[in-house]
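One structure below.
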Amino acid sequence: MSIDSLWLLQVFFAALADLAFASALGALLLRVWLGRERAFASMSPARGGYRRASRTSSVSALVFIACIFASLWLQSAAMSGSPILDAGASLWLVATATHAGVGWAVACAGGVLLALASGTSGALGAGRVAAAVLGAIVAAAGKAAVGHAADAGAFSIAEGVQTLHLLATGVWGGVVIAGAAAVLPALDTSVARASLVRIVSRMSHAAAIAVALAIATGVFNAWRGTGGSADVLTGSGWGRALLLKSALIACALMLGALSRWSALPRLQRTASTTDAHTVINVMRVEAVLMVMVFVTASVLSHSVPGFAS
Numbered sequence: 013m014s015i016d017s018l019w020l021l022q023v024f025f026a027a028l029a030d031l032a033f034a035s036a037l038g039a040l041l042l043r044v045w046l047g048r049e050r051a052f053a054s055m056s057p058a059r060g061g062y063r064r065a066s067r068t069s070s071v072s073a074l075v076f077i078a079c080i081f082a083s084l085w086l087q088s089a090a091m092s093g094s095p096i097l098d099a100g101a102s103l104w105l106v107a108t109a110t111h112a113g114v115g116w117a118v119a120c121a122g123g124v125l126l127a128l129a130s131g132t133s134g135a136l137g138a139g140r141v142a143a144a145v146l147g148a149i150v151a152a153a154g155k156a157a158v159g160h161a162a163d164a165g166a167f168s169i170a171e172g173v174q175t176l177h178l179l180a181t182g183v184w185g186g187v188v189i190a191g192a193a194a195v196l197p198a199l200d201t202s203v204a205r206a207s208l209v210r211i212v213s214r215m216s217h218a219a220a221i222a223v224a225l226a227i228a229t230g231v232f233n234a235w236r237g238t239g240g241s242a243d244v245l246t247g248s249g250w251g252r253a254l255l256l257k258s259a260l261i262a263c264a265l266m267l268g269a270l271s272r273w274s275a276l277p278r279l280q281r282t283a284s285t286t287d288a289h290t291v292i293n294v295m296r297v298e299a300v301l302m303v304m305v306f307v308t309a310s311v312l313s314h315s316v317p318g319f320a321s
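Going by our numbering, the first residue of the sequence shown is number 13, and it counts up by one from there.
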């Protein structure tokens with residue numbers, strides 16, 4: 013692994029793409045749940061939350077597309093050996109004739125589908141939800157094809173597991189980040205308190221399922237990356253990054269457990285402003301940890317796997 017300006021830019025845009033992808037997924041889920049509350053109606057007390065979810069999903073999908081294009085541009089610079097500003101000359105060739113380039117192009121296509129599905133502020137119909145799900149799967153599959161899972165070959169089990177891992181972490185991180193940063197504060201009023209309680213409950217259930225899938229697929233990826241040897245965890249930069257990511261995930265899990273088993277039940281009993289603030293604040297800290305997890309994951313994906321080093 014060579015740490016230079018190109019590597020740092022690749023890590024930055026990959027991390028930002030992961031954050032944008034997760035935010036788009038989380039905001040779309042929140043839109044679906046708020047749609048069941050009919051929060052899109054002009055007189056709904058939860059309308060502010062629905063509007064924020066709509067904006068977050070649309071903007072996040074557009075940021076994801078921009079980051080994927082930037083990553084493809086940087087990949088062209090890395091493969092051609094040309095300066096970053098001159099990489100456009102080889103962009104088309106890399107995008108169509110290399111496995112990594114095709115993966116970025118597929119991810120970009122998934123992002124476009126996500127953006128189209130979340131492009132308006134009206135209620136999400138079944139067709140648009142289906143398009144969003146398809147876009148998310150395509151985007152995750154494209155990103156899986158440019159990571160370490162691609163070493164096992166196209167359409168391999170490793171790529172399939174990584175696709176599921178990206179979707180699971182996207183849902184988990186997305187509902188936390190989009191909820192804490194944008195949607196839940198707009199529901200933190202007395203008239204919208206019932207909607208807040210129901211939305212947080214749905215977020216907790218969805219996150220629990222996503223966490224289980226993320227951990228299962230993450231363990232598989234970690235085992236594959238170490239080659240079955242624990243020595244690489246402390247003997248390589250990749251291994252130390254993996255340990256840091258695991259520690260951050262453990263902290264996020266503890267906060268999620270605190271919210272699910274303590275703060276949320278108390279809010280459901282009292283529906284008080286104090287307990288609502290507690291739930292949102294705990295989720296904000298968890299959101300910061302999830303941002304750090306995505307950044308660490310980007311470092312891992314751009315580092316030489318432990319078994320190889």
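The beta carbon of each residue, even a glycine, is placed where N, CA and C say it ideally should be.
- Approximately 6 Å separates the beta-carbon atoms of A26 and S83; this is inside 8 Å, confirming the contact.
- By the neighbour-count criterion, in which a residue is buried when 16 or more other Cβ atoms sit within 10 angstroms of its Cβ, L178 is buried.
- Here I96 is near A89, since their CB atoms are less than 8 Å apart.
- Contact annotation, A148 with G172: C-beta distance approximately 15 Å; criterion of less than 8 Å not satisfied.
- Judged by pairs of C-beta atoms under 8 Å, the segment 292-301 does not touch the segment 234-246, as fewer than three such pairs exist.
- Setting aside the 5 residues that flank it on each side, V223 is surrounded in the same chain by W184, each with a C-beta closer than 6 Å to its C-beta; the list follows chain order.
- H314 and A218 have their C-alpha atoms some 29 Å from each other.
- Annotation for L256: T308 place their beta carbon closer than 7 Å to its own, counting only its chain and skipping 5 residues before and after.
- Excluding residues up to 5 positions away in sequence, T175, L178, L179 lie with their Cβ nearer than 6 Å to the Cβ of A152 in the same chain.
- When the alpha-carbon of V212 is set against those of L312, S66, S274, the nearest one is in S274.
- In this model, A135 and S72 are separated by some 18 Å (Cα to Cα).
- If you draw a straight line from the Cα of A138 to the Cα of A228, it comes to about 30 Å.
- The three-state reading of DSSP puts A112 in helix, counting H, G and I together.
- Segment contact: the segment 96-113 against the segment 31-50, fewer than three CB-CB distances shorter than 8 Å; contact not assigned.
- Proximity to A112 across L128, V124, K155 peaks at K155, based on C-alpha coordinates.
- Counting only the Cα atoms, L31 lies some 26 Å from S248.
- CA-to-CA, the gap between S258 and A107 works out to about 33 Å.
- If you look at D287, you'll find it in the alpha helix (DSSP H) that goes 285-313.
- Only residues of its own chain outside the window of five on either side were considered, and among them A299 have a CB closer than 7 Å to the CB of A193, listed in chain order.
- For A127, the closest alpha carbon among the candidates S66, S54, T110, V158 is that of S66.
- A Cβ-Cβ contact shorter than 8 Å links L254 with A234.
- In the structure shown, L199 adopts coil according to DSSP, grouped into three states.
- Relative to A166, the option among T110, R210, V188 whose CA is nearest is T110.
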